[in-house]
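Shown next, in structure tokens, is the structure this report addresses.
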Ligand code: FNR
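Numbering (the UniProt record's numbering), first residue to last: 10 to 422.
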């Protein structure tokens, strides 16, 4: 209603309501390497496409005369009342699209009471985001570092920042085969982007003071090295390149980060260590197999996010919407099951809830909002998701989230 009323007063939305147009417009204003990093998926991007296609296999079957005059989209998750079944997925390296980066997202999320999951690869420290959120909900997402001290330190800081859950992302022990990034040979982390949680961490800072164990990089200078230097100079115009060369510490921080950020050797038993670090709910992100859901229950995990990282890790992986039903069956309502990857509107969220998800997370769309109109852009994208969902729910004949069930849907033919 607000959007229509604003329209009468000549105030139009700052960002596109249609999510495809939103992406197209964001592409036009973003640096090509930023758009490639954010929009891209792994391999041939089949899983990215499958995430969307899966939602189309099911159709909502609206019910009539259900008295939907008063609609309630709230739910309680880990003891906190939330206004809607939406959360913001953790997305790293947001400084590629906006100078305010994570802080702008935090402000927008807080204005709507939507939980923001702080990324381990954020461009601003979690303390800076928490500081602008009042007591609005936030969670922290962890990549399991090679250093358990660093893991413990991140978790401690998250507790101090008022985070109400720790999300452990399991699917990124290594970066996927991301073709768009590979084609332009660009990875933001190599420029020291997206490592603010590390550089602001006391344990990481101590690690920087230790002698550098990186191999000696003295090599013969070849034409290839010269070409690489020219590309670097072009990337940092003015004296940016020379400043970068002189400041040895950031370079060291990047090297240390690359050496420690993730530990592909972690196993289920490592979760015990995390349990000793915190009493906050532990949520596993990246679960796709029902047997892993069962193991998560066996290990006392408090929640799951069914996710394939927006199709950015294993091309050919199952879509999250297809993976959901088996996981729901195994979990049998013992813990909340969230879903992300491919949510592009209220109807997708409704369908996920109808199959048994507790809530859903949104990734790329809010980043496009950020690219186009900063905090206001994120706010509008989120508000649109929430309004679209509320209308879909009501028009489908449901007054609240608990009335949404499998009977609201049928398989498309
Ligand atoms: C991500 N994602 C992600 N996940 C995570 O646990 N930690 C992170 O730092 C990041 N970083 C990140 C960067 C970018 C640019 C993207 C697009 C995604 C994955 C993210 O949390 C989420 O799973 C997906 O984005 C959801 O899919 P959609 O909504 O983008 O399709």
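For every residue, glycine included, the Cβ atom is placed at its ideal position computed from N, Cα and C.
Within the stretch 133 to 181, the runs of beta strand (DSSP E) that reach at least 3 residues and sit entirely inside it are, in chain order, 147 to 151 and 175 to 178. Remark: the C-beta of residue 211 is outside contact range of ligand 1, defined as less than 8 Å to any heavy atom.
Beta bridge pairing from DSSP links residue 126 with 148. When DSSP states are grouped into helix, strand and coil, residue 62 belongs to the helix group. Within the same chain, Cβ atoms closer than 8 Å to the Cβ of residue 170 are found at 127, 135, 136, 138, 139, 147 and 149, the five residues on either side in sequence being excluded.
A check of alpha carbon separations from residue 176 across 114, 267, 106 and 289 identifies 289 as the nearest.
No heavy atom of ligand 1 is found nearer than 8 Å to the CB of residue 307. Proximity to ligand 1 was defined by a C-beta distance below 5 Å to any of its heavy atoms, and the residues meeting it, in sequence along the chain, are 47, 98, 99, 100, 101, 128, 130, 150, 178, 316, 318, 319, 349, 350, 351, 372 and 373.
The C-beta of residue 282 has fewer than 16 other C-beta atoms within 10 Å across all chains shown, which makes the residue exposed. Taking a contact to require three or more Cβ pairs closer than 8 Å, the stretch 53 to 70 and the stretch 78 to 86 do not qualify as touching. DSSP, read as helix, strand or coil, puts residue 276 in coil.
Taking C-alpha positions only, residue 324 is separated from residue 47 by approximately 16 Å.
Straight across, the Cα-Cα distance linking residue 42 with residue 193 is about 7 Å. For residue 339, the CB contacts under 6 Å within the same chain, skipping 5 residues up- and downstream, are 299, 302 and 303 in chain order.
The alpha carbon of residue 35 has as its nearest neighbour, out of 421, 405, 393 and 387, the alpha carbon of 387.
Rounded to the nearest whole angstrom, the C-alpha separation of residue 124 and residue 197 is 26 Å. Burial check for residue 365: the Cβ neighbour count within 10 Å reaches 16 or more, so the residue is buried. For residue 68, the enclosing beta strand (DSSP E) begins and ends at 67 to 69. The three-state reading of DSSP puts residue 12 in helix, counting H, G and I together. A check of alpha carbon separations from residue 202 across 107, 279, 277 and 272 identifies 107 as the nearest. Cβ-Cβ separation between residue 317 and residue 350: approximately 5 Å, consistent with a contact (criterion under 8 Å).
Around the beta carbon of residue 415, fewer than 16 other beta carbons sit within 10 angstroms, so the residue counts as exposed. Non-local C-beta neighbours of residue 391 in its own chain, meaning closer than 8 Å and more than five positions away in sequence, comprise 95, 97, 117, 118, 121, 123, 371, 375 and 378, ordered along the chain. Under the three-state reduction of DSSP output, residue 31 falls in the helix class. Residue 70 has its alpha-carbon roughly 10 Å from the corresponding atom of residue 420. Scanning the stretch 348 to 406 for uninterrupted alpha helix (DSSP H) segments of 4 residues or longer gives 355 to 363 and 373 to 404, listed from N- to C-terminal end. Less than 9 Å divides the Cβ of residue 156 from the Cβ of residue 269.
Boundaries of the beta strand (DSSP E) harbouring residue 292: 291 to 296, taken from the DSSP string. Contact between residue 348 and residue 413 fails: their C-beta atoms lie close to 14 Å from each other, not under 8 Å. Per the coordinates, the alpha-carbon of residue 31 lies some 23 Å from the alpha-carbon of residue 132.
For residue 262, the secondary structure class from DSSP, reduced to helix, strand or coil, is helix. In the structure shown, the three-state DSSP call for residue 215 is helix. Apart from the 5 residues on each side of it in sequence, residue 81 sits with its Cβ closer than 6 Å to the Cβ of 409 in its chain, given in chain order. Exclusion of the five residues before and after residue 277 leaves 304 and 308 as the residues of its chain whose Cβ lies within less than 7 Å of its Cβ.
Comparing alpha carbon positions, the residue from 332, 275, 191 and 39 closest to residue 105 is 39.
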